[in-house]
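Residue numbers (this note's numbering): 103 to 262. Where is the CB? At the ideal position from N, CA and C, for every residue including glycine.
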């Protein structure tokens, strides 16, 4: 992302970067079928699946996308919301397989294939979504949010 001057775009960008790093490691292990690495990666992924995706998406949908729509960017807000729903569906399906994989010494049998397939799908959808937000949403927020709104939203988001 460009150099963010606002707190909200910076916080979202920081989360995006951390998630992209995790997803990159996950994708590498999945593509290589490095089963020994999957449990630790699944354990790292679980907080994202259980809490952070919903927290991040809910904040954007309730606090940011209505502001986008009011500013004339309703189509972008609608597209990003659709992508959130698509990612939420994958997360719901992936969560049981990720929990099983996280608990396994080395995955095998029933949980390995669903985890492999669904985690790759999550990587694909999340990376594409983050790229859209980085290129379109975050720069718009720099102009859309005034200092007071940015500060208020940043505190609200930090409190979770």
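CB residue i to CB residue j, shorter than 8 Å?
i           : j           : result
residue 149 : residue 209 : no
residue 125 : residue 214 : no
residue 182 : residue 221 : no
residue 160 : residue 240 : no
residue 110 : residue 260 : no
Look at the alpha carbon of residue i and the alpha carbon of residue j, and state the distance between them as a whole number of angstroms.
i           : j           : result
residue 253 : residue 113 : 11 Å
residue 103 : residue 230 : The predicted position of residue 103 is uncertain, since its pLDDT is 46 and thus under 50; no value can be drawn from it.
residue 227 : residue 184 : 11 Å
residue 162 : residue 144 : 25 Å
residue 191 : residue 120 : 22 Å
residue 154 : residue 188 : 16 Å
residue 186 : residue 207 : 32 Å
residue 204 : residue 122 : 20 Å
residue 199 : residue 262 : 26 Å
residue 258 : residue 237 : 24 Å
residue 232 : residue 127 : 16 Å
residue 218 : residue 179 : 30 Å
- Query: At what residue ranges does the region 120-207 contain a whole run of the alpha helix (DSSP H), taking only runs of 4 or more?
  - Reply: Runs of the alpha helix (DSSP H) lying entirely within the region 120-207, each at least 4 residues long, are 140-149, 155-161, 167-172 and 176-205 in chain order.
- Do three or more CB pairs link the region 157-177 to the region 240-258 at distances below 8 Å? The region 157-177 is in contact with the region 240-258.
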